[in-house]
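Here the structure is laid out as structure tokens; the discussion comes afterwards.
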Amino acid sequence: MSGDDYSSAFPDTALARTAHTYLTGIAPTSLVNHSLRSYLFARTIGDHQGLHPGADYDDELLFLGCALHDIGLTDEGDGEQRFEVDGADLAARFLIENGLDEDRAAIVWDAIALHTSQGIANRKRPEIALAHSGIGADIFGLQADLLPEGHGLSVHADYPRLDLGRDMADIIVAQATAKPHKAPPFTFPGGVLQERSPESAVPGYAQLLAACPWES
Numbered sequence: 001m002s003g004d005d006y007s008s009a010f011p012d013t014a015l016a017r018t019a020h021t022y023l024t025g026i027a028p029t030s031l032v033n034h035s036l037r038s039y040l041f042a043r044t045i046g047d048h049q050g051l052h053p054g055a056d057y058d059d060e061l062l063f064l065g066c067a068l069h070d071i072g073l074t075d076e077g078d079g080e081q082r083f084e085v086d087g088a089d090l091a092a093r094f095l096i097e098n099g100l101d102e103d104r105a106a107i108v109w110d111a112i113a114l115h116t117s118q119g120i121a122n123r124k125r126p127e128i129a130l131a132h133s134g135i136g137a138d139i140f141g142l143q144a145d146l147l148p149e150g151h152g153l154s155v156h157a158d159y160p161r162l163d164l165g166r167d168m169a170d171i172i173v174a175q176a177t178a179k180p181h182k183a184p185p186f187t188f189p190g191g192v193l194q195e196r197s198p199e200s201a202v203p204g205y206a207q208l209l210a211a212c213p214w215e216s
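Numbering follows UniProt numbering, with no gaps: position 216 of the sequence shown is 216.
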């Protein structure tokens with residue numbers, strides 16, 4: 001299946017289709033496929049938890065949060081903040097411009113801004129928690145044991161991985177090399193930058209303590 005195809009597995013709404021078209025127009029295929037797989041995994045994890053779309057969560061908002069969660073890693077989304085927040089801001093603007101009301105756009109904003117925030121996102125409302133779970137299941141295999149046997153292979157057959165891990169890290173490092181403030185200490189992009197470029201200027205805990213002006 002190509003990244004331009006809109007699957008019947010996705011919400012059949014005009015805004016979801018518009019967001020899908022937008023995503024495929026600005027993101028590399030590896031990130032497009034990751035974002036769509038994340039939604040499919042989020043839905044399945046929700047099923048495992050006994051959560052039903054339309055009753056327990058808004059399926060359109062879950063799709064929008066998953067589909068757009070990495071647009072901060074695109075050229076269009078590369079602003080002055082860590083990529084999760086840049087992506088959340090861009091997604092909210094785009095969705096409001098395309099008719100989503102501000103209250104619902106705020107839910108998508110949270111889902112995107114918090115998607116790397118383990119221990120926080122999973123305690124928020126279902127659209128945010130499920131997006132976090134689906135994204136983690138795809139990128140790191142977290143909670144993969146909650147997926148039915150063969151489901152992961154089937155999803156990857158439709159949306160191949162295409163060296164996602166390398167592509168994502170390359171983009172994070174390139175953004176942070178150009179703008180070091182996009183990879184603050186103790187954040188996901190900061191950790192990727194430190195691992196990939198140990199010579200980077202991202203300070204660690206001991207360095208921050210040493211630079212503190214207060215006496216111990």
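Even for Gly, the Cβ is constructed at its ideal location relative to N, Cα and C.
>> Please report the distance separating the alpha-carbon of Ser35 from that of Lys179.
In response: If you draw a straight line from the Cα of Ser35 to the Cα of Lys179, it is about 25 Å long.
>> For a quick check, are the C-beta atoms of Asp138 and Ser38 less than 7 Å apart?
In response: Yes, these two residues count as a Cβ contact at 7 Å.
>> If contacts are defined as beta-carbon pairs under 8 Å, then residue 259 and Phe83 qualify, I think. What distance do you get, rounded to the angstrom?
In response: For the chain, the structure presents residues 1 to 216; residue 259 sits outside this window and is missing.
> Would Ile109 pass as a contact of Ala92 if the rule is Cβ separation under 7 Å?
Replying inline: In the sequence under discussion, the amino acid at residue 109 is Trp, which differs from the Ile named in the question. Going by C-beta atoms, Trp109 is nearer than 7 Å to Ala92.
>> Is the beta carbon of Leu162 closer than 7 Å to that of Thr44?
In response: Result no, Cβ atoms of Thr44 and Leu162 do not sit closer than 7 Å.
>> On a Cα-Cα basis, can you pick out the residue from Glu76, Ala67, Asp170, Val173 that is closest to Leu15?
In response: Measuring C-alpha to C-alpha distances from Leu15 to each of Glu76, Ala67, Asp170, Val173 identifies Ala67 as the nearest.
> What is the rounded straight-line gap between the Cα of Asp170 and the Cα of Arg196?
Replying inline: If I take the Cα positions, the gap works out to 9 Å.
> Nearest to Gly136 by alpha carbon, out of Thr18, Ile26, Leu40?
Replying inline: Relative to the Cα of Gly136, the nearest Cα in the group Thr18, Ile26, Leu40 belongs to Leu40.
> Are there 16 or more other CB atoms within 10 angstroms of the CB of Gly204, so buried, or fewer, so exposed?
Replying inline: Looking at its Cβ environment, which holds fewer than 16 other Cβ atoms inside 10 Å, Gly204 is exposed.
> Considering only residues of the UniProt domain "HD" (32-121), which uninterrupted alpha helix (DSSP H) runs meet the minimum length of 4 residues and lie entirely inside it, listed in chain order?
Replying inline: Listed in chain order, the complete alpha helix (DSSP H) runs (minimum 4 residues) inside the UniProt domain "HD" (32-121) are 59-67, 83-97, 102-113.
> Taking Ile187 as the reference, which of Ile96, Thr13, Thr21, Val85 has the closest Cα?
Replying inline: Inspection of the sequence shows that residue 187 is occupied by Thr rather than by Ile. With distances taken between Cα atoms, Thr187 lies closest to Val85.
> Rounded to whole angstroms, how far is the Cβ of Asp70 from the Cβ of Leu31, which I believe are closer than 8 Å?
Replying inline: That pair is a contact at about 5 Å.
> If we ignore side chains and look at the alpha-carbon of each, how far apart do Gln118 and Pro185 end up?
Replying inline: C-alpha separation (whole angstroms): 16 Å.
>> Spatial neighbours of Ile107 within its chain, please: C-beta separation below 8 Å, excluding the five flanking residues on both sides.
In response: Counting only Cβ-Cβ distances below 8 Å, and skipping sequence neighbours, we find Asp58, Leu61, Gly65, Arg125, Glu127, Ile128.
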